[in-house]
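Peer 1: Quick one: structure below, then a few questions.
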Amino acid sequence: MPIFNSVFCLRKIIAILGCSLVVFQAGVFGTSAAQGGAFSTSVDAAGLEGEAAIWHHSVSLIDPPKYGPDSPHFDYVNPQAPKRGSISLRALHPFDNLNFIAHGARLAPYIEILYDRLMEESRDEYDTSYCHLCEGLRYSSDYRRITVRLRPDAHWHDGQPITPEDVMFSIQTYKTRNQFGAPINPYHYSYYSHVKKWEKTGDREVTFYADKAGIREMPAVIGSLMVLPKHYWQGLNDQGLPRDISHSTLEIPLGSGPYQIAEIHPGDRIVYRRVENYWAKNLLTAVGHHNFEEIKFLYFGDEGMAFEGFTSHHLDFFREKKADRWVTGYNFPALLDGRVRKEPLELETPLYPQGYVFNLRKIRFQDRRVRAAIALAFDFEWLNKFLFHDQYQRISSYFAGPRLSAQGLPGPAELEILEPYRSRVPEEVFTKEIRVPVNWDSREGQTKDLRAHLRQAVTLLQEAGWLIKDGWLQDGNGQPFAIDFYITTDSEFRILNGFLKNLAKLGIHAQVWQVDNSRYRKQIDKFDFDIAFSTFDGSPSPGNELTAYLSSESADQPGSPNLAGIKNPVVDALIERIVEATDRKSLEDATRALDRVLWWNQYMIPGWGTRLDRIAYWNQIRKPAKMPTWTDGFPAVWWYDEKAYVQNAGVK
């Protein structure tokens, strides 16, 4: 049967990108590494032409960092949180792979917890990272040269030290192509595309070189590097054969992070156990974190079964995705008697861009008028009123935040950027404000403008050469216009049902096919779809990640997040301008210009979002009194209350 949930939301790689870099000078030699300290030095800076002598403990892409080199912990953690207890969480899909580098296989949830990054971001600042594996970093004034120095006590779970060779092996892996010429991991390949060269420059130092000057985000890009053990991946596996990091595997990998894998049962569950002597446990980036002794991920067949598992306490925490269940479904005994807490948390985050993207590799979607016509048939207001209980807002930008989203008509700075491309972008870029079609009239309580929008859609389709014959939309050769949607859950069909009816009014034959997650992922990776739901990784400081999502470079890389297959030289040029912006204002101006070009090219049917984090949990788990700013921080900074667990067990 057919699928859809193309919610191809790649996880956010830490400390992601931007411009307007702000750094904080650390203290002098003698600052305790265990306190997260870096240091300044003049010894190793000698002879490094153009490179600052100062080692930094943090990188911030927007505001000055909140925490100094001697800060003992982040404000949103409980440094006295007990280290105990086991929690069970939902695995979204079955898994058959423990290697996050191998693309295409079904990766086990939470696998990144096995590893460490050079820097870790704080959860109460935007795009600010602090030294973790590295005890300091420095860079040249033109950002072409970035040096990191590793902590001397950092080690793998087998006791071997983490070395410059491990760091160099990791960046080499991220930039490797397979025997067919494709990147073994498309996202990482694009993300580190400007890293040209690297070399060992000291016993604990690695220096990276960018391919061009002026990329102010490069220190943050390097800081996000997750480090892999070279000696492990170049060794032999359980069968005595050489390991291949480009292939999926169920062999438990070696890591250095706060958890190790204790049990795996593919298709059912995976269990992580806390590392008692975690080397980084006293760092700023780890104090008050990783408090659960054991974290289990259990797979349930669908969301409904998972919710039943939560209400019967087979799961301890549930992140609610269905608006109607949030409103009507939380009336079970454990919630009514207080053993379960239901909390809508208001996060200080913008609405992240998401929606239905057109596959431009399909000829019928290459005409902008066709894409605009189909978008007019999507009735968000009806969905929000009758399915979503008015809990969502419509997305009206590709970027998160008012300073990055195009507002009104382009101003002088945007016009200066866009003018050279006037003949190559839609006229609306210069003449129209960005607004989504609105069908619902709240005063009259009815869908008012849908018919007008459908008539407009018919006109656009006719202009593009599509005419209705015998009740169906056909091209000049008599070929019908058909769309296949692929989904993985029943709830997605409910969302699409009204859309399909409106498409039928245009003469478009649309079908929905429900398939399993594995098949769906394979089809998405091969770009074998017509229209798919996609979530973009909206950073408050956009930069290098745009290459992966929107550029010509990534359009034909299997598995890349550029689902639409955008190949637009103007988009490429504007991305480059964003990446090379020398200050925050230049970045914002270029981002708004790009927003207009993307929007009026109609690459996406705008989706919806909410700033509410809808969570429910059994009350033996606790959260910090002061929560992080842009995330609920679960499970990283929550902990287990054994007394509450005993009380819960006594309730019948």
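Going by this note's numbering, the first residue of the sequence shown is number 83, and it counts up by one from there.
All residues carry an ideal CB built from backbone N, CA and C; glycine is no exception.
From a predicted model like this one, the values you see are computed outputs, not experimental measurements.
Is Asn179 helix, strand or coil when you go by DSSP?
Peer 2: As a first step, residue 179 must be located in the sequence shown, where it is residue number 97. Here Asn179 sits in strand by DSSP.
Peer 1: For Phe382, which residues in the same chain have their Cβ closer than 6 Å to its Cβ, ignoring the five residues on either side in sequence?
Peer 2: Here residue 382 refers to the residue found at position 300 when the sequence shown is read from its first residue. Once the five neighbours on either side are set aside, the close Cβ partners of Phe382 are Ala388 and Gly391.
Peer 1: Quick check on the DSSP output: the beta strand (DSSP E) that includes Val594 runs from which residue to which?
Peer 2: Along the sequence shown, one-based indexing puts residue 594 at 512. Residues His591 to Gln596.
Peer 1: Roughly how many angstroms lie between the CA atoms of Glu662 and Val679, to the nearest whole one?
Peer 2: Along the sequence shown, read from residue 1 onward, the residue named residue 662 stands at position 580. Along the sequence shown, read from residue 1 onward, the residue named residue 679 stands at position 597. The alpha-carbon atoms of Glu662 and Val679 are separated by roughly 19 Å.
Peer 1: Any heavy atom of the ligand MN within a distance shorter than 6 Å of the CB on Ala564?
Peer 2: Absence of the ligand MN from the depicted structure is noted, as is the absence of any ligand whatsoever, leaving it without description.
Peer 1: Please return the same chain residues whose Cβ sits closer than 6 Å to the Cβ of Tyr438, not counting the five positions on each side in sequence.
Peer 2: Taking the first residue of the sequence shown as position 1, residue 438 is located at position 356. Around Tyr438: Ile613, Phe615 and Ile687.
Peer 1: Can you find the residues in the same chain that come closer than 6 Å, C-beta to C-beta, to Leu310, ignoring five residues on each side of it along the sequence?
Peer 2: For the purposes of this step, residue 310 is identified with residue 228 of the sequence shown, where counting begins at 1. Result list for Leu310: Ser252, in chain order.
Peer 1: Starting from Gln342 and walking both ways along the beta strand (DSSP E), at which residues does that stretch end?
Peer 2: Here residue 342 corresponds to residue number 260 of the sequence shown, with the count starting at 1. Where Gln342 is concerned, the enclosing beta strand (DSSP E) stretches over Tyr341 to His347.
Peer 1: Evaluate contact between the region 692–710 and the region 355–368, counting only Cβ atoms and requiring at least three cross-stretch pairs below 8 Å.
Peer 2: no
Peer 1: Within the region 535–612, note down every full alpha helix (DSSP H) run reaching 4 residues or more, in order along the chain.
Peer 2: Complete alpha helix (DSSP H) runs here, min 4: 572–587 and 599–607.
Peer 1: Among Phe611, Trp280, Ala187 and Asp293, whose alpha-carbon lies nearest the alpha-carbon of Arg446?
Peer 2: Mapped onto the sequence shown, residue 446 falls at position 364. Arg446 has its Cα closest to that of Phe611, out of Phe611, Trp280, Ala187 and Asp293.
Peer 1: Use the C-beta contact count for Cys650: other C-beta atoms within 10 angstroms, 16 or more gives buried, fewer gives exposed.
Peer 2: Within the sequence shown, numbered from 1, the residue matching residue 650 stands at position 568. Correcting the residue identity first, residue 650 is Asn in this sequence and not Cys. Answer is buried; the Cβ neighbour count reaches 16.
Peer 1: Could you tell me if Ala534 is buried or exposed, where buried requires 16 or more neighbouring beta carbons within 10 angstroms of its beta carbon?
Peer 2: On the sequence shown, residue 534 is found 452 positions in, with the first residue counted as 1. Ala534 comes out exposed.
Peer 1: Do the CB positions of Ala187 and Ser330 come within less than 7 Å of each other?
Peer 2: Mapped onto the sequence shown, residue 187 falls at position 105. Mapped onto the sequence shown, residue 330 falls at position 248. Between Ala187 and Ser330, the C-beta gap is smaller than 7 Å, which places the two residues in contact.
Peer 1: Are the region 208–225 and the region 618–633 in contact at 8 Å, needing three or more beta carbon pairs?
Peer 2: yes
Peer 1: Alpha carbon to alpha carbon, how far is Leu215 from Ile569? Give it in angstroms, no decimals.
Peer 2: Within the sequence shown, numbered from 1, the residue matching residue 569 stands at position 487. Within the sequence shown, numbered from 1, the residue matching residue 215 stands at position 133. Straight-line Cα distance between these residues: approximately 40 Å.
Peer 1: Within this structure, are the beta carbons of Ile590 and Leu555 separated by less than 7 Å?
Peer 2: Counting from 1 along the sequence shown, the entry for residue 590 is found at position 508. Counting from 1 along the sequence shown, the entry for residue 555 is found at position 473. A contact, by the Cβ cut-off of 7 Å.
Peer 1: Which residue comes first and which comes last in the beta strand (DSSP E) that contains Arg401?
Peer 2: In the sequence shown, residue 401 corresponds to position 319, counting from 1. From DSSP, the beta strand (DSSP E) with Arg401 extends over Phe399 to Arg401.
Peer 1: Straight-line CA distance for Ile346 to Leu332?
Peer 2: Counted from its first residue, the sequence shown places residue 346 at position 264. Counted from its first residue, the sequence shown places residue 332 at position 250. Between Ile346 and Leu332, the C-alpha separation is close to 8 Å.
Peer 1: Is the Cβ-Cβ distance between Thr367 and Glu202 less than 7 Å?
Peer 2: Against the sequence shown, residue 367 aligns to sequence position 285. Against the sequence shown, residue 202 aligns to sequence position 120. In contact: Thr367 and Glu202 (Cβ atoms closer than 7 Å).
Peer 1: Suppose the cutoff is 6 Å on Cβ atoms and the five residues either side in sequence are ignored; what does the same chain contact list for Pro335 look like?
Peer 2: Walking along the sequence shown from the start, residue 335 turns up at place 253. Around Pro335: Leu180.
Peer 1: Classify Thr113 as helix, strand or coil using the three-state DSSP reduction.
Peer 2: Counted from its first residue, the sequence shown places residue 113 at position 31. Per-residue confidence for Thr113 stands at a pLDDT of 30, beneath the threshold of 50, marking its modelled position as unreliable; no derived number is given.
Peer 1: Classify Glu385 as buried or exposed, calling it buried when 16 or more other Cβ atoms lie within 10 Å of its own Cβ.
Peer 2: As a working mapping, residue 385 is identified with position 303 in the sequence shown. Result: buried.
Peer 1: Assign Gln162 to buried or exposed, taking buried as 16 or more other Cβ atoms, counted over all protein chains shown, within 10 Å of its Cβ.
Peer 2: Translated into the one-based positions of the sequence shown, residue 162 becomes position 80. It is exposed - the Cβ of Gln162 has fewer than 16 other Cβ atoms within 10 Å.
Peer 1: Rounded to the nearest angstrom, what separates Tyr149 and His138 at their Cα positions?
Peer 2: Position 67 of the sequence shown, counted from the start, is the residue given in the question as residue 149. Position 56 of the sequence shown, counted from the start, is the residue given in the question as residue 138. Rounded to whole angstroms, the separation of the alpha carbons of His138 and Tyr149 is 12 Å.
Peer 1: Hey, which unbroken runs of the beta strand (DSSP E) at 3 residues or more fall wholly within the region 327–385?
Peer 2: 341–347, 351–356 and 376–381
Peer 1: For Ala190, which residues in the same chain have their Cβ closer than 6 Å to its Cβ, ignoring the five residues on either side in sequence?
Peer 2: For the purposes of this step, residue 190 is taken as residue 108 along the sequence shown, with counting starting at 1. Closer than 6 Å at Cβ, skipping near neighbours: Phe177, Leu180 and Ile352.
Peer 1: Exposed or buried, which one is Arg259 when buried takes at least 16 other CB atoms within 10 Å?
Peer 2: Taking the first residue of the sequence shown as position 1, residue 259 is located at position 177. Exposed, because fewer than 16 other Cβ atoms sit within 10 Å of the Cβ of Arg259.
Peer 1: Any contact of the region 537–555 with the region 460–473, i.e. 3+ C-beta pairs under 8 Å?
Peer 2: Counting C-beta pairs with one atom in each stretch, the region 537–555 and the region 460–473 have fewer than three that are closer than 8 Å, which means they do not touch.
Peer 1: Measure the C-alpha to C-alpha separation of Leu130 and Val597 and round it to an integer number of angstroms.
Peer 2: Looking up residue 130 in the sequence shown gives position 48. Looking up residue 597 in the sequence shown gives position 515. Note that Leu130 scores 46 on pLDDT, short of 50, meaning its location in the model is unreliable; the coordinates nonetheless yield the value given after this. Spanning the two alpha carbons is a distance of roughly 57 Å.
Peer 1: Spatial neighbours of Tyr685 within its chain, please: CB distance less than 8 Å, with the 5 preceding and 5 following residues excluded, ordered by chain position.
Peer 2: Indexing the sequence shown from 1 puts residue 685 at position 603. Cβ within range, chain order: Val439, Phe440, Leu442, Arg453, Ala646 and Ile648.
Peer 1: Within a Cβ cutoff of 6 Å, which residues of the same chain sit near His808, ignoring the five residues on either side of it in sequence?
Peer 2: Coverage of the chain is limited to positions 83 through 734, which leaves residue 808 absent and any answer about it impossible.
Peer 1: Between Gly715 and the rest of its own chain, which residues show a CB-CB distance below 6 Å, the 5 nearest in sequence each way excluded?
Peer 2: The residue you call residue 715 lines up with position 633 of the sequence shown. Closer than 6 Å at the Cβ level, and outside the excluded window around Gly715, lie Arg205.
Peer 1: Using a 10 Å radius around the Cβ and a threshold of 16 neighbouring Cβ atoms, would you call Gln436 buried or exposed?
Peer 2: In the sequence shown, the residue the question calls residue 436 occupies position 354. Flag for Gln436 reads buried.
Peer 1: According to DSSP, Tyr685 sits in a beta bridge with which residue or residues?
Peer 2: For the purposes of this step, residue 685 is taken as residue 603 along the sequence shown, with counting starting at 1. Per DSSP, none; premise fails for Tyr685.
Peer 1: Which of helix, strand or coil does DSSP assign to Pro502?
Peer 2: Against the sequence shown, residue 502 aligns to sequence position 420. In the structure shown, Pro502 sits in a helix (DSSP, three-state: H, G or I).
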